[in-house]
Ligand code: TYD
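In the numbering used here, the protein residues as written are 5 to 216.
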């Protein structure tokens, strides 16, 4: 029986709470997978030395919308080549804090870059790979803003206006409806304990499916 790695992505608007739950999911998987199966946790933009340099630029500097999209996918290309594809090839599980759905939601929904152009980039950079499961942490805008304001200095995206986040959130929800086989919606207004219960169920299902 061949063991295959799984690819799980975390998505949601800034302040939706995904950062709270990623360490929990990583620990849960490490406890429930056989000891020889590694869990690799990474993020986008970033995940490699070059990707982290691009992240600095992307989160701080203003630039043309298409430059922003291209740099997001440049970071992703490197992340796939250096981290994601080798890990999945070894049978590791990969958790990524954001992936291509974020480009559709932020650059497409938030900034109105044409979805056709984003589709071209996706086809170029990963024509054959999609996450096995995408956890979309969804909250109303006001809740997300309140969480952000309470946290720390805001980056370029976090300083955007309310309609940017409304459009970003709507594009995430549209994609969740378009790809129901991989998206799982998490109502992030729930308590942390309730969200963990939901996560346990979703992860248990994926763990059951890991052998082919
Ligand atoms: P985020 O993942 O929210 O990290 P932190 O919690 O440290 O702020 O920050 C990444 C930002 O980059 C976020 O505002 C969304 C944005 N982003 C895009 O606009 N497009 C993308 O393709 C990706 C991966 C991220």
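Glycine included, every Cβ here is placed at the ideal spot set by N, Cα and C. Remember, predicted model here, so these are calculated numbers, not experimental data.
**Asked** Measuring from the CB of residue 76, is there a heavy atom of the ligand TYD at a distance below 7 angstroms?
**Response** If you number the chain shown from 1, residue 76 lands on position 72. The answer is yes for residue 76.
**Prompt:** Which of the three DSSP states, helix, strand or coil, is assigned to residue 37?
**Reply:** By one-based count along the chain shown, residue 37 stands at place 33. Coil.
**Asked** Does the pairing of the stretch 204-211 with the stretch 127-140 give three or more beta-carbon distances under 8 angstroms?
**Response** yes
**Run of the beta strand (DSSP E) containing residue 67, from where it starts to where it stops** = One-based indexing of the chain shown puts residue 67 at position 63. Taken as a continuous stretch (DSSP letters only), residue 67 belongs to no beta strand (DSSP E), as it is neither H nor E.
**Request:** Can you give me the start and stop residues for the alpha helix (DSSP H) that residue 168 sits inside?
**Result:** The residue labelled residue 168 in the question sits at position 164 within the chain shown. 166-182 is the span of the alpha helix (DSSP H), which, as asked, contains residue 168.
**Prompt:** Is the stretch 109-128 touching the stretch 83-94 in the sense that three or more CB pairs, one from each, lie closer than 8 angstroms?
**Reply:** no
**Prompt:** Does the stretch 118-129 touch the stretch 41-48, meaning 3 or more C-beta pairs lie closer than 8 angstroms?
**Reply:** no
**Asked** Grouping DSSP H, G and I as helix and E and B as strand, with all else coil, what is residue 15?
**Response** Within the chain shown, the letter at position 11 stands for residue 15. Looking at residue 15 - three-state DSSP - the assignment turns out to be strand.
**Asked** Is the distance from the Cβ of residue 98 to the Cβ of residue 187 below 8 angstroms?
**Response** The residue labelled residue 98 in the question sits at position 94 within the chain shown. The residue labelled residue 187 in the question sits at position 183 within the chain shown. No; because the gap between Cβ atoms is not below 8 angstroms, this pair is not in contact.
**Asked** If we count the other Cβ atoms within 10 Å of its Cβ and call it buried at 16 or more, is residue 1 buried or exposed?
**Response** Outside the modelled stretch of the chain, which goes from 5 to 216, sits residue 1, for which no answer is possible.
**Prompt:** Can you list, in chain order, the residues of its chain whose CB lies under 7 angstroms from that of residue 56, leaving out five sequence neighbours each side?
**Reply:** If you number the chain shown from 1, residue 56 lands on position 52. Around residue 56: 50.
**Request:** Compute the beta-carbon to beta-carbon distance between residue 179 and residue 105, rounded to the nearest angstrom, for a pair I have assumed lies under 8 angstroms.
**Result:** Working through the chain shown from its first residue, we reach residue 179 at position 175. Working through the chain shown from its first residue, we reach residue 105 at position 101. At roughly 6 angstroms, the Cβ-Cβ gap stays under 8 angstroms, so residue 179 and residue 105 are in contact.
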